[in-house]
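Under the working numbering, the letters of the sequence shown match residues 1052 to 1258, in that order. Backbone N, C-alpha and C define an ideal beta-carbon position, used for all residues, glycine too. Computed from a predicted structure; not experimentally measured. Contents: one structure, followed by commentary.
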Amino acid sequence: LPVTDHLLSQRQIIEPRSGTAFLMQAGQTLTVTDLEGEQVSDLMAYRAGDTREHLSSGNSLDFAGTMFLTAGHTLYSSRGNPMLKIVHDEVGRHDFTLAPCSAPMFRLLYGHTEPHRGCHGNLAAALAAYGIGPDEIPTAFNIFMHVAADPATGAITVLPPLSLPGQTIVFRASMDLVIGLTACSAGQSNNFAFKPIGWQIDPPSDH
Ligand SMILES: [Zn+2]
């Protein structure tokens, strides 16, 4: 996989309400940083070379036996293969149940008549370069997203993220991947302020 050297160990910035896509090799780590605090970042992953295999919320939550994935847990694919292991997590609360924010979501839940394309549209635009279409974007791993469900009724509440400025989560790739990553565009998810997200790829290490 041609991951160019200049990308290695150099922090990239995702501007507010936007997204990006890039390649990541097995063994490399991806660090996602909440630069200013209380900002969600949607993560999607596909097997490089066969992007029909993608991240699976259902498999990952089932195999981990918990709704709340953190350091030590693995994100699995639609074929049940390990894709990414969470190797470091300074926040400890993320969501893997709700779909990426989207134009239909902004119409339905916010009443916007000219809605933003949201994380879904941003992921679709960035992933198009890898031949991945808008109908091939399932539930993302919603980094730093704070979702609570009432245990009795199941009612969902989206709360401000627990992430503080500069806090990070680190993933190690278990296979060669195409990654999609956003700075989330939904007001409720980000305490009604749209901020940037930092990310960085580092080479494999011994620890
Ligand atoms: Zn979003």
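Closest to residue 1221 by C-alpha separation, out of 1207, 1146, 1250 and 1187, would be which residue?
Nearest C-alpha to residue 1221: 1250.
Kindly indicate which residue of 1114, 1241, 1180 and 1172 has the alpha-carbon position closest to the one of residue 1194.
Ranking 1114, 1241, 1180 and 1172 by Cα distance to residue 1194 puts 1241 first.
Name the residue from 1246, 1252, 1255 and 1199 whose alpha carbon lies nearest to the alpha carbon of residue 1119.
Out of 1246, 1252, 1255 and 1199, 1199 has the C-alpha closest to the C-alpha of residue 1119.
Using 8 Å as the threshold, is the stretch 1066-1075 in touch with the stretch 1167-1186, meaning 3 or more CB pairs across them?
Put simply, the stretch 1066-1075 touches the stretch 1167-1186. At least three CB pairs are less than 8 Å apart.
Counting pairs of Cβ atoms below 8 Å between the stretch 1211-1227 and the stretch 1153-1160, do you hit three or more?
Taking 8 Å as the limit for Cβ pairs, the verdict is that the stretch 1153-1160 does not touch the stretch 1211-1227.
Cβ of residue 1086 within 9 Å of Cβ of residue 1238?
No. Outside cutoff.
Please classify residue 1180: does DSSP put it in a helix, a strand, or coil?
If DSSP states are grouped into helix, strand and coil, residue 1180 belongs with the helices.
Do residue 1189 and residue 1129 have their C-beta atoms within less than 9 Å of each other?
Cβ atoms of residue 1189 and residue 1129: closer than 9 Å.
Cβ-heavy atom distance, residue 1180 to ligand 1, below 8 Å
No, ligand 1 has no heavy atom inside 8 Å of this Cβ.
Give the C-beta separation of residue 1097 and residue 1229 to the nearest angstrom, bearing in mind that I take them to be a contact with Cβ-Cβ under 8 Å.
By a beta-carbon distance limit of 8 Å, residue 1097 contacts residue 1229. Their separation comes to about 4 Å.
Just checking residue 1146 against ligand 1 - is the residue's beta carbon closer than 8 Å to any of the ligand's heavy atoms?
Ligand 1 has no heavy atom closer than 8 Å to the beta-carbon of residue 1146.
Residue 1114 to residue 1183, Cα distance in whole Å?
In a straight line, the C-alpha of residue 1114 is about 26 Å away from that of residue 1183.
For residue 1068 and residue 1150, what's the separation of their Cα atoms in angstroms?
About 16 Å.
Roughly how many whole angstroms lie between the Cα atoms of residue 1259 and residue 1147?
Lying outside 1052 to 1258, the shown extent of the chain, residue 1259 is not represented and no answer is given.
Would the beta-carbon of residue 1037 be found less than 8 Å away from any heavy atom of ligand 1?
The structure shown does not extend to residue 1037, since the chain spans only 1052 to 1258, so no value can be given for it.
By DSSP, does residue 1096 sit in helix, in strand, or in coil?
In the structure shown, residue 1096 sits in a strand (DSSP, three-state: E or B).
What is the residue span of the alpha helix (DSSP H) that residue 1075 lies within?
If you look at residue 1075, you'll find it isn't in any alpha helix (DSSP H); it sits in the beta strand (DSSP E) that goes 1070-1075.
Near residue 1169, what residues of its chain come up, given a Cβ to Cβ distance below 7 Å and the 5 sequence neighbours on each side ignored?
Cβ within range, chain order: 1151, 1152, 1153, 1154, 1156, 1157, 1236 and 1237.
Flag residue 1208 as yes when its Cβ comes closer than 8 Å to any non-hydrogen atom of ligand 1, and as no otherwise.
No, since every heavy atom of ligand 1 falls outside the 8 Å radius drawn around the Cβ of residue 1208.
Do you know offhand how far residue 1247's Cα is from residue 1233's?
A straight-line Cα-Cα distance of about 9 Å links residue 1247 and residue 1233.
Go ahead and pull the three-state DSSP assignment for residue 1111.
Residue state, collapsed to three classes: helix.
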